[in-house]
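Input: a single structure, listed below in structure tokens.
Numbering (the numbering used here), first residue to last: 1 to 364.
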């Protein structure tokens, strides 16, 4: 071990690509780099090498080359889904053949694929990931699953991070004051546009509010495979005049989007880890209506952060949103609490400190 700093070899997705893991490290990396650590960042995957043939083999060979520098820790960032599972499992296998300590941070968690790991791919898990020295997951359910797969080493639960820069000029009290003046209340769905994220349930719930003659509008921000079908469904319901499609929003546009909306609706049943868009919405004081998926249920306080429901029934979602929309005191208390809660627990600078402590523990 180098006496001056810890040398960490870290595999990452292409940092300029869209996606939760890339976003996480774009937010956290500036706070990880200090005199105690030196990170060797190895960007891998199809987004980085999409123009190159045999990129999967090339990733394995590049990783093998970096192992020659004998890092103090090899830090792998997979998800529980087929491509990442196989590729990153081989990274772990390579590192352990060199007797190097390995930290595995599972980000995404596809429950259907996790079932296959328990049966069809368990042999592969045992020969690869099960050899790691430490694990990080985003939810207590994932930790429980790893224990069921026979993992005895330390498993840490960490949360995703909100970029500190997002809130630089944001004033929560000004937002609450402005919300009281708004004659039309705006509901936001901001996520990748796919069925399992709850977009159709959100539209149906919103349509019920429109039919009740409430002054509401819905903004749909993001892109994804279901976008065309979603636009057609909005046309079918004849609610075009109440629905705005914002596309994929980043930077200043994303900040403006959160500031200008009142409620965040996200009835996901996707294999979420800890959705950063939900935390960002909370940071900007939006009350949330969501479901207990992944790491959400580990921190979400029903009635304090908004409302959590097991149901996917649009009628239930509409009732919960209406509760918030019609109660100024409830809206204000949730808005303030969400903003303060995220600032205290989920900012990238704070998450980076937790991650550094985990890295030190794994090396020691």
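Glycine included, each C-beta is placed from N, C-alpha and C at the ideal position.
For this session: Could you work out which residue in 336, 277 and 280 is closest to residue 303 when comparing CA atoms only?
Result: Position 303 of the chain shown, counting from 1, holds the residue named residue 303. Looking at the Cα atoms, 336 is the closest of the given residues.
Exercise. Under 7 Å between the Cβ atoms of residue 139 and residue 294?
Worked result: Counting from 1 along the chain shown, the entry for residue 139 is found at position 139. Counting from 1 along the chain shown, the entry for residue 294 is found at position 294. Contact flag set, yes.
For this session: Determine the DSSP secondary structure at residue 154, reduced to helix, strand or coil.
Result: The residue you call residue 154 lines up with position 154 of the chain shown. The answer is coil: DSSP assigns residue 154 none of H, G, I, E or B.
Exercise. Which runs of the alpha helix (DSSP H), 4 residues or longer, sit entirely within the segment 58-100?
Worked result: Entirely contained in the segment 58-100, the alpha helix (DSSP H) runs reaching 4 residues are, in chain order, 82-97.
Exercise. When the distance is taken between beta carbons, is residue 196 closer than 7 Å to residue 248?
Worked result: Here residue 248 corresponds to residue number 248 of the chain shown, with the count starting at 1. Here residue 196 corresponds to residue number 196 of the chain shown, with the count starting at 1. For the pair residue 248 and residue 196, the CB atoms are not nearer than the 7 Å cut-off.
Exercise. For residue 74 versus residue 102, is the C-beta spacing smaller than 7 Å?
Worked result: Taking the first residue of the chain shown as 1, we reach residue 74 at position 74. Taking the first residue of the chain shown as 1, we reach residue 102 at position 102. Yes, the Cβ-Cβ distance between residue 74 and residue 102 is below 7 Å.
For this session: On a CA-only basis, which of 172, 207, 229 and 180 is nearest residue 194? Give me that one, please.
Result: To locate residue 194, count along the chain shown from 1; it is residue 194. When each option's Cα is compared against that of residue 194, the closest is 229.
Problem set entry | Residues bridged to residue 274 [DSSP beta-bridge criterion] | Position 274 of the chain shown holds residue 274. Partner(s): none; residue 274 has no beta bridge.
For this session: Over the uninterrupted alpha helix (DSSP H) stretch that includes residue 176, give me the two end residues.
Result: Mapped onto the chain shown, residue 176 falls at position 176. It spans 172-181 - the alpha helix (DSSP H) in which residue 176 sits, taken as one unbroken run.
For this session: Identify every residue that forms a DSSP beta bridge with residue 336.
Result: In the chain shown, the residue the question calls residue 336 occupies position 336. DSSP links residue 336 through a beta bridge to no other residue.
Exercise. If you scan the segment 259-313 from start to end, which runs of the beta strand (DSSP E) of 3 or more residues do you find wholly inside it?
Worked result: For the segment 259-313, whole beta strand (DSSP E) runs of length 3 or above, ordered along the chain, are 263-266, 288-290 and 306-308.
For this session: Taking all protein chains shown into account, decide if residue 250 is buried (16 or more other Cβ within 10 angstroms of its Cβ) or exposed.
Result: As a working note, residue 250 is residue 250 in the chain shown. In this structure residue 250 is exposed. Its beta-carbon is surrounded by fewer than 16 other beta-carbon atoms within 10 angstroms.
Exercise. Can you name the start and end residues of the alpha helix (DSSP H) that residue 225 belongs to?
Worked result: Here the question's residue 225 lines up with position 225 in the chain shown. That residue, residue 225, is in no alpha helix (DSSP H); it is neither H nor E in DSSP.
Problem set entry | Residue from 297, 258 and 214 whose Cα sits closest to the Cα of residue 325 | Here residue 325 is taken as the residue at index 325 of the chain shown, counted from 1. Relative to residue 325, the option among 297, 258 and 214 whose CA is nearest is 214.
Problem set entry | Close Cβ partners of residue 216 (< 8 Å) along its chain, the five nearest in sequence each way excluded | Numbered from 1 along the chain shown, position 216 holds the residue referred to as residue 216. Correct list, in chain order: 184, 185, 186, 187, 206, 209, 210, 242 and 325.
Exercise. Could you give the distance in angstroms between the alpha-carbon of residue 162 and the alpha-carbon of residue 296?
Worked result: For the purposes of this step, residue 162 is identified with residue 162 of the chain shown, where counting begins at 1. For the purposes of this step, residue 296 is identified with residue 296 of the chain shown, where counting begins at 1. Roughly 15 Å separates the two Cα atoms.
Exercise. Near residue 359, what residues of its chain come up, given a Cβ to Cβ distance below 8 Å and the 5 sequence neighbours on each side ignored?
Worked result: The count along the chain shown starts at 1 and reaches residue 359 at position 359. Result list for residue 359: 6, 8, 37, 73, 75 and 103, in chain order.
Problem set entry | Nearest candidate by alpha-carbon position, reference residue 259, set 175, 42, 11 and 85 | For the purposes of this step, residue 259 is taken as the residue at position 259 of the chain shown. With distances taken between CA atoms, residue 259 lies nearest to 175 out of 175, 42, 11 and 85.
Exercise. Taking residue 263 as the reference, which of 26, 179 and 340 has the closest Cα?
Worked result: Your numbering for residue 263 matches position 263 in the chain shown. Ranking the options by Cα distance to residue 263, first place goes to 179.
Exercise. Per DSSP, what kind of secondary structure is residue 1 in: helix, strand or coil?
Worked result: Along the chain shown, one-based indexing puts residue 1 at 1. Low local confidence applies: a pLDDT of 46 at residue 1 is under 50, so the model's placement there is unreliable, and no value is given.
Problem set entry | DSSP state of residue 331 mapped onto helix, strand, coil | As a working mapping, residue 331 is identified with position 331 in the chain shown. The answer is helix: DSSP assigns residue 331 an H, G or I state.
Exercise. Excluding sequence positions up to five away, which residues of its chain have a Cβ less than 8 Å from the Cβ of residue 416?
Worked result: The question about residue 416 has no answer here: the residues shown for the chain are numbered 1 through 364.
Problem set entry | Where residue 213 falls: helix, strand or coil (DSSP) | To locate residue 213, count along the chain shown from 1; it is residue 213. Correct three-state label for residue 213: coil.
Exercise. Would you say residue 28 and residue 348 are within 7 Å of each other, going by their C-beta atoms?
Worked result: In the chain shown, the residue the question calls residue 28 occupies position 28. In the chain shown, the residue the question calls residue 348 occupies position 348. A contact, by the Cβ cut-off of 7 Å.
Exercise. Is it right to say residue 25 is buried, meaning 16 or more other beta carbons lie within 10 angstroms of its own, or is it exposed?
Worked result: As a first step, residue 25 must be located in the chain shown, where it is residue number 25. Residue 25 counts as buried, since at least 16 other C-beta atoms from the protein chains shown sit within 10 angstroms of its C-beta.
For this session: In angstroms with no decimal places, state the Cα-to-Cα distance between residue 313 and residue 320.
Result: The residue given as residue 313 occupies position 313 in the chain shown. The residue given as residue 320 occupies position 320 in the chain shown. The alpha-carbon atoms of residue 313 and residue 320 are separated by roughly 11 Å.
Problem set entry | residue 388 versus residue 107: straight-line alpha-carbon distance, rounded | Any property of residue 388 remains undetermined from this structure, which presents the chain solely from 1 to 364.
Exercise. CB-CB under 7 Å to residue 279, same chain, minus the five flanking residues each way: which ones, in chain order?
Worked result: Looking up residue 279 in the chain shown gives position 279. The answer, listed in chain order, is 160, 162, 342 and 346.
For this session: Measure the alpha-carbon distance for residue 202 versus residue 311 and round it to whole angstroms.
Result: Within the chain shown, the letter at position 202 stands for residue 202. Within the chain shown, the letter at position 311 stands for residue 311. If I take the Cα positions, the gap works out to 12 Å.
Problem set entry | Selected residue, minimal CA-CA separation from residue 98, among 63, 277, 267 and 276 | Residue numbering aside, residue 98 sits at position 98 when the chain shown is read from its first letter. Taking only the C-alpha atoms, the option nearest residue 98 is 63.
For this session: Compare the C-alpha of residue 39 against each of 361, 356 and 364 and name the closest.
Result: As a first step, residue 39 is located in the chain shown; it is residue number 39 there, counting from the start. Closest by alpha carbon: 356.
For this session: Would you mind working out which of 141, 109, 151 and 219 sits nearest residue 128, comparing C-alpha positions?
Result: Counted from its first residue, the chain shown places residue 128 at position 128. For residue 128, the closest of 141, 109, 151 and 219 by C-alpha to C-alpha distance is 151.
Problem set entry | Alpha-carbon spacing of residue 32 relative to residue 252, whole angstroms | As a working note, residue 32 is residue 32 in the chain shown. As a working note, residue 252 is residue 252 in the chain shown. Taking the straight line joining both Cα atoms gives about 24 Å.
Exercise. Excluding the five sequence neighbours on either side, which residues of its own chain have a C-beta within less than 8 Å of the C-beta of residue 18, listed in chain order?
Worked result: Counted from its first residue, the chain shown places residue 18 at position 18. Result list for residue 18: 248, in chain order.
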